[in-house]
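Structure, as structure tokens:
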Amino acid sequence: MAHSPVQSAGNSPAKTALTAGQTYAWCACGRSATQPFCDGSHQGTGIDPVVFTAEADADVWLCLCKRTHSAPTCDGSHKKQPGNE
Ligand code: FES
1 MAHSPVQSAG
11 NSPAKTALTA
21 GQTYAWCACG
31 RSATQPFCDG
41 SHQGTGIDPV
51 VFTAEADADV
61 WLCLCKRTHS
71 APTCDGSHKK
81 QPGNE
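The UniProt record's numbering numbers the first residue of the sequence shown as 1 and each following residue consecutively.
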């Protein structure tokens, strides 16, 4: 089944403090009101969040444009969007 279009939630990544051993659900659809994390708004889109466990206490840059190829972290893809070079 085809899924709904991914929506951008921002034109730059979100610096996010992660805690070692904690599990997170990164929003992949762009619809969450609690970016960069999932709030369940993806229901009905056919898109699922990316669930991951932090390996260390660290500040990481989590993708908001939702075009990264290294989810959940930013890979610079937001710089390739029109008007955001
Ligand atoms: S709200 Fe976007 S993946 Fe859950």
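Heads up, the beta-carbon is just placed ideally off N, CA and C, and yes, glycines get one too.
Strand pairing of residue i, partner residues [DSSP]
i     : result
ALA56 : Paired residues: none, contrary to the question.
LYS15 : TRP61
ALA25 : VAL51
THR73 : LEU62
Buried or exposed by the 16-neighbour rule on C-beta atoms within 10 Å, applied to residue i
i     : result
SER4  : exposed
GLN35 : buried
GLY40 : exposed
LYS66 : buried
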